[in-house]
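Notes follow the structure.
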Amino acid sequence: MLRIRLARHGRRNRPFYRIVVAEATAPRDGKFVEVVGWYDPIPNPAQIHLDEERVIYWLHQGAQPTEAVGKLLTRLGTMEKAGQEPVVYTKHLARKAAAKKAEG
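Residue numbers (the numbering used here): 3 to 106.
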């Protein structure tokens, strides 16, 4: 099974992540299929660069995002563009989604 996940790079106390498509059994920083973006959490606000077209392609091919990547993709609106359910990661959004689901 393919996963879209973060691969850590950078140095001690200065993380930098690549967003990669990799086999679920591969090591975190090991072999991957494709790099689809990067994420730098240190600046305020955090910097995210994403090849949205390739992410949507991999989501349609069945790749599952990890929770962390799912949150990033939801924040950028990529999950909705791909026709996937957005990842709900706060109580406020969970309540809002539940209310919307109850209505319709």
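Yeah, the Cβ is synthetic: ideal placement off N, Cα and C, and Gly gets one too.
Open item on the list: Quick check on Ile21: buried or exposed, where buried means 16 or more other Cβ atoms within 10 Å of its Cβ?
Closed with: Ile21 should be labelled buried.
Task: Closest Cα partner of Arg56 within the set Thr27, Val23, Arg14 and Arg16 - done: Among Thr27, Val23, Arg14 and Arg16, the Cα nearest to that of Arg56 belongs to Val23.
Task: Beta bridge counterpart(s) of Pro67 as assigned by DSSP - done: According to DSSP, Pro67 bridges with Ile6.
Task: C-beta atoms of Val89 and Gly64 nearer than 8 Å - done: In this structure, Val89 keeps its C-beta atom at 8 Å or more from the C-beta atom of Gly64.
Task: N-terminal and C-terminal residue of the alpha helix (DSSP H) that Ile50 is part of - done: Not the alpha helix (DSSP H): Ile50 falls in the beta strand (DSSP E), residues Gln49 to Leu52.
- [ ] State the DSSP-derived secondary structure class of Arg20, mapped to helix, strand or coil.
- [x] DSSP, read as helix, strand or coil, puts Arg20 in strand.
Open item on the list: So, with DSSP's three-state summary, where would you put Arg30?
Closed with: Looking at Arg30 - three-state DSSP - the assignment turns out to be coil, as it is neither helix nor strand.
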